[in-house]
Amino acid sequence: MIQKNKRFVFVVDDFLPIPILQHLQKLALEQNYESYINDTGHYGFGVEIQKEVLEKDQIVEKIYKDFNLSSKIKIANGRIHMRHNHEKINHHFDEGSYSFLLYLKGEPLLHNGTGFLTTDGYLTTSAGFLENRAVFFNAGLIRHTNMQALGESSPRYSLNIFFDYEK
Numbered sequence: 015m016i017q018k019n020k021r022f023v024f025v026v027d028d029f030l031p032i033p034i035l036q037h038l039q040k041l042a043l044e045q046n047y048e049s050y051i052n053d054t055g056h057y058g059f060g061v062e063i064q065k066e067v068l069e070k071d072q073i074v075e076k077i078y079k080d081f082n083l084s085s086k087i088k089i090a091n092g093r094i095h096m097r098h099n100h101e102k103i104n105h106h107f108d109e110g111s112y113s114f115l116l117y118l119k120g121e122p123l124l125h126n127g128t129g130f131l132t133t134d135g136y137l138t139t140s141a142g143f144l145e146n147r148a149v150f151f152n153a154g155l156i157r158h159t160n161m162q163a164l165g166e167s168s169p170r171y172s173l174n175i176f177f178d179y180e181k
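Start counting the sequence shown at 15; every next residue gets the next number (the working numbering).
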C-alpha cells in the first residue's frame with residue numbers, strides 16, 4: 015500500500031495493450047490544444063479530460079490495480095498534454111498528491127522524459143521517454159521537471175492524471 019508521506023517514483027513499461035495505446039496516440043494527435051501558462055511561464059499545451067469520463071475509464075481501473083491504490087485516493091483531474099519545453103527548466107510540485115503520466119507519443123530520448131529532484135534540488139532519478147511507459151509518483155512531495163531543456167528532445171505527448179488523498 016502506498017504511504018502518504020513517502021517519496022516514491024514507480025515506472026512500468028508496456029503499460030497498455032497496443033490497440034489502446036494506438037487509440038490514445040491517435041486521439042492525442044487530433045486535439046486542439048490550449049497553451050498552459052503558470053507562474054514559471056509557458057509550460058506546454060493541453061486538453062482537459064472531464065473527471066467523470068476518467069472515473070469510468072478502464073485505464074484508471076488499471077492504474078488503481080497496478081499501483082495498488084487505496085480507495086481513499088481519488089481522481090482530481092486529467093489532461094492530454096503536449097510539451098516541447100526545450101528552452102527552460104521548469105521544476106515544480108503538482109497541486110495534487112499523486113501524478114500518473116503515460117508517455118504516448120514522441121522520440122525515445124532521455125531528455126524527453128521526467129527528472130525527479132531531492133529536497134535539496136538535486137536530480138535523484140529520471141524516467142526517460144519511451145512510448146507506453148507509465149510513471150506514478152507522489153508529485154506533491156517530489157519536485158520534478160521535464161528534461162527537454164537539458165539536451166536533445168522532440169515534442170512529446172502524454173496522458174496526465176492527477177490524484178488526491180481523500181480527506
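The beta carbon of each residue, even a glycine, is placed where N, CA and C say it ideally should be.
Can you give the beta carbon distance from residue i to residue j, rounded, assuming they're within the 8 Å contact cut?
i, j, result
"Leu-131", "Arg-157", "4 Å"
"His-98", "Gln-45", "Not confirmed; about 15 Å, so no contact."
"Ala-90", "Phe-177", "6 Å"
"Gly-120", "Gly-142", "So it is not a contact: roughly 11 Å between Cβ atoms."
"Leu-83", "Leu-118", "In fact, because the Cβ distance is near 21 Å, the residues do not count as touching under 8 Å."
"Phe-150", "Tyr-179", "Actually they are not in contact, since the Cβ atoms of Phe-150 and Tyr-179 sit about 14 Å apart, beyond 8 Å."
"His-182", "Gly-58", "Beyond the ends of the chain as shown, which are 15 and 181, falls residue 182; an answer cannot be given."
"Asn-104", "Arg-21", "Their Cβ separation, rounded to whole angstroms, is 20 Å, which puts Asn-104 and Arg-21 out of contact at 8 Å."
Span of the beta strand (DSSP E) holding residue i?
i, result
"Gly-129", "128 to 131"
"Leu-137", "137 to 141"
"Asp-178", "170 to 179"
"Ile-24", "Note that residue 24 corresponds to Phe in the displayed sequence, not to Ile. Where Phe-24 is concerned, the enclosing beta strand (DSSP E) stretches over 23 to 26."
"His-158", "158 to 160"
Taking the alpha-carbon positions, what's the residue i to residue j distance?
i, j, result
"Gln-72", "Tyr-78", "10 Å"
"Gly-110", "Gly-154", "6 Å"
"Gly-92", "Ala-148", "15 Å"
"Lys-70", "Glu-166", "37 Å"
"Ser-49", "Gly-60", "7 Å"
"Ile-87", "Leu-38", "24 Å"
"Pro-169", "Glu-145", "12 Å"
"Ile-16", "Ile-32", "28 Å"
"Lys-76", "Gln-36", "17 Å"
"Tyr-171", "Ser-140", "17 Å"
"Leu-30", "Lys-40", "15 Å"
"Val-2", "Tyr-47", "With the chain represented from 15 up to 181, any question about residue 2 goes unanswered, as that position is not in the structure."
Please state the DSSP three-state secondary structure of residue i.
i, result
"Ala-153", "coil"
**Prompt:** Which whole runs of the beta strand (DSSP E) in the stretch 36 to 122 are 3 residues long or more, in chain order?
**Reply:** Taking only runs of at least 3 residues, the beta strand (DSSP E) segments lying wholly in the stretch 36 to 122 are 48 to 52, 55 to 63, 87 to 97 and 112 to 119.
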